[in-house]
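Enquirer:
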Amino acid sequence: MGTIDEKRLEQIALTRGDLSRYSRQLILPEVNADGQRRIKAGRILCIGAGGLGSPAALYLAAAGIGTLGLVDADRVDASNLQRQILYGTGDVGESKVEKARARLRELNPDVEIVVHDARFTSENAKEIIAPYDIVIDGSDNFPTRYLSNDVCVFAQKPNIYGSVFRFEGQASVFAPHLGGPCYRCLFPEPPPPGAAPSCAEAGVLGVLPGIIGLIQATEALKLIIGAGETLAGRLLHFDALKMKFRQFTLRRDPQCPVCGDAPTIFEPIDYEQFCAGPPAADDWFAAPEGVPVISVRELKAKMDGKEAFTLIDVREPYEYEVARIEGSRLIPLGELETRIDELPRQGALILQCHSGGRSEHAVRILQEAGFQNALNLEGGIEAWSVEVDPAVPRY
Ligand SMILES: [Zn+2]
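Numbering-wise, the working numbering puts 39 at position 53 of the sequence shown, and it's gapless, one number per residue.
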């Protein structure tokens, strides 16, 4: 428990109106009057009032959440209406948070709606999240995702992650203080600017953010009432075309720069700027001197020429499930040293990860073990997808 401040909870009582409005969930023993009081005392922030934020905000307001914050600086665009169900045709051109407030008030006037008509930045992030118990990350870009993760780790608030891509979506709860990893344990390095496909570039089936946004809202309610098992330490992946849910166990990285044993990041960073300048974001692991590299185009030429080589993917198993280069073998970075005997010391040994940081680290480990044939695949599977094979999903 502990998601809701107990002192604040003491001030909250249910009214007659509450008892009838929320009767269908009040009769659940896991919720009951105490859970509904917690929901009424709860303060949730939605970063982004778009595809994920719309369904999450609507259902959280309907469920009787006490305070709902919305951060978004955008105006409603006609192309949003296919999935951002907070808005109607007449709202095009208007401020999202203002229109969202009107819609949510109409749905449930008892909910306090706090709007932040601003971009979520390193300047305002800590201040914005301060009054809330839980953050729902409904952002669609990497700088915001890292920012939301980092400030939530600093403030020990659960950060409920969701993302959608074409026909797929995924969700997790990042809350190292409750167990499990943070987002940065999994992806220490933000990809370079422009590498994150937006809905405009990649497309998304309209129902996808509805499903994922509601999974996020579900996790928020569970955290507040203290019922069930949350997605902390698990990644839930949804494939709409196959109509399949899969889950992957996520591990905390003791070397994580924000939640690890010896953190190196203590303040929100302006990731856009950070990502924009050289050196590349993959320098999380980089040492002063580079390691031998091979480009994705050179790798493709090797494949086309049927040359012999060994391609080792050092990412985590759940990443391998999402996207892989044909013919690669998975040995997660953490297992590399114990499985080093499985690797050939002759012929090209190519190491690959998401964008080249972990695999560079892997090449160094191999060099120290006397391997002279290890090469780092520059830009990783991200570059492979962009430059060689767009059929390989980007994430
Ligand atoms: Zn972490």
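Each residue gets a CB set at the ideal place from its N, CA and C atoms; glycine is no exception.
#1: Using three-state DSSP, classify Gln156 as helix, strand or coil.
#2: Can you list, in chain order, the residues of its chain whose CB lies under 6 Å from that of Phe260, leaving out five sequence neighbours each side?
#3: How about Ile198 and Gly155: are their beta carbons less than 8 Å apart?
#4: Can you tell me whether Leu352 is buried or exposed? The criterion is at least 16 other CB atoms within 10 Å of its CB, across all chains shown.
#5: Rounded C-beta distance between Val101 and Val83? I'm assuming under 8 Å.
#6: Going by the CB atoms, is the gap between Val378 and Ala309 shorter than 8 Å?
#7: Three or more C-beta pairs closer than 8 Å, one from the segment 243 to 252 and one from the segment 121 to 141: is that the case here?
#8: Under 7 Å: does the beta carbon of Pro144 sit that close to some heavy atom of ligand 1?
#9: Could you check if Pro303 belongs to the surroundings of ligand 1, using beta carbon to heavy atom distance under 7 Å?
#10: Closer than 7 Å to a non-hydrogen atom of ligand 1 - does that hold for the CB of Cys242?
#11: Tell me whether Asp239, by its Cβ, gets closer than 7 Å to a heavy atom of ligand 1.
#12: Check whether the Cβ atoms of Ile30 and Tyr169 lie closer than 8 Å to each other.
#13: DSSP beta-bridge partners for Val101?
#14: Between Gly214 and the rest of its own chain, which residues show a CB-CB distance below 8 Å, the 5 nearest in sequence each way excluded?
#15: With Gln233 as the anchor, note down where its beta strand (DSSP E) starts and where it stops.
#16: Rounded to a whole number of angstroms, what is the C-alpha to C-alpha distance between Asp269 and Leu285?
#17: Could you check what DSSP says for Glu364 in three-state terms: helix, strand or coil?
#18: Please name the residue or residues paired with Asp299 in a DSSP beta bridge.
Expert: For this structure:
#1: Gln156 falls in the strand class under three-state DSSP.
#2: Since pLDDT at Phe260 reaches only 47, below the 50 mark, its modelled position is unreliable, and the value read off the structure follows with that caveat. Once the five neighbours on either side are set aside, Phe260 has no close Cβ partner at all.
#3: For Ile198 and Gly155, yes; Cβs fall inside 8 Å.
#4: Burial state of Leu352 is buried, judged by a 10 Å Cβ sphere holding 16 or more other Cβ atoms.
#5: Rounded, the Cβ-Cβ distance is 4 Å, consistent with contact.
#6: Yes. Within cutoff.
#7: Between the segment 243 to 252 and the segment 121 to 141, the count of Cβ pairs shorter than 8 Å is three or higher; the stretches touch.
#8: False, no ligand heavy atom lies under 7 Å from that Cβ.
#9: Distance from the C-beta of Pro303 to the nearest heavy atom of ligand 1 is not below 7 Å.
#10: Yes.
#11: Short note on Asp239: C-beta closer than 7 Å to some heavy atom of ligand 1.
#12: Their beta carbons are not under 8 Å apart, which means Ile30 does not touch Tyr169 by this criterion.
#13: Paired residue(s): Leu56.
#14: In chain order, Glu16, Lys208 place their CB closer than 8 Å to the CB of Gly214, counting only its own chain and leaving out the 5 sequence neighbours on each side.
#15: For Gln233, the enclosing beta strand (DSSP E) begins and ends at 230 to 235.
#16: Because Asp269 sits at a pLDDT of 30, beneath the cut-off of 50, its placement in the model cannot be relied upon, and the point is left open.
#17: Coil at Glu364, not helix or strand.
#18: Asp299 is bridged by DSSP to Leu316, Gln338.
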